[in-house]
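Adding 611 to a residue's 1-based position in the sequence shown gives its number in my numbering.
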Amino acid sequence: MAKDSVELLITLFIAAYVAGSINFSILLFKILGKGDPRKGFSGNAGATNVYRQAGIFWATVVLLLDM
612 MAKDSVELLI TLFIAAYVAG SINFSILLFK ILGKGDPRKG FSGNAGATNV YRQAGIFWAT
672 VVLLLDM
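Below, the structure is given as structure tokens:
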């Protein structure tokens with residue numbers, strides 16, 4: 612592999628790791644001013660709790676961002 616390819620691959624690995632570590636449901640709830648999604652229903656900060664507390668649109672946004 613060329614040096615540029617290795618640098619690109621390492622950069623992509625780091626970006627994927629960082630993107631995977633972001634909990635978008637908590638981030639979205641803070642932006643929307645709705646508190647903490649873990650405080651309601653199952654206590655899990657996932658798309659299902661976002662659906663129950665904020666509706667289908669925001670749950671879909673979280674689901675797509677989590678993928």
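Glycine included, every Cβ here is placed at the ideal spot set by N, Cα and C.
Going by beta carbons, V661 and S636 fall inside the 8 angstroms limit. Here DSSP, grouped into helix, strand and coil, assigns A613 to coil. Rounded to the nearest angstrom, the gap between the Cα atoms of V673 and A665 is 11 angstroms. Within the region 625-670, the complete alpha helix (DSSP H) runs of at least 4 residues fall at 635-643, 658-665.
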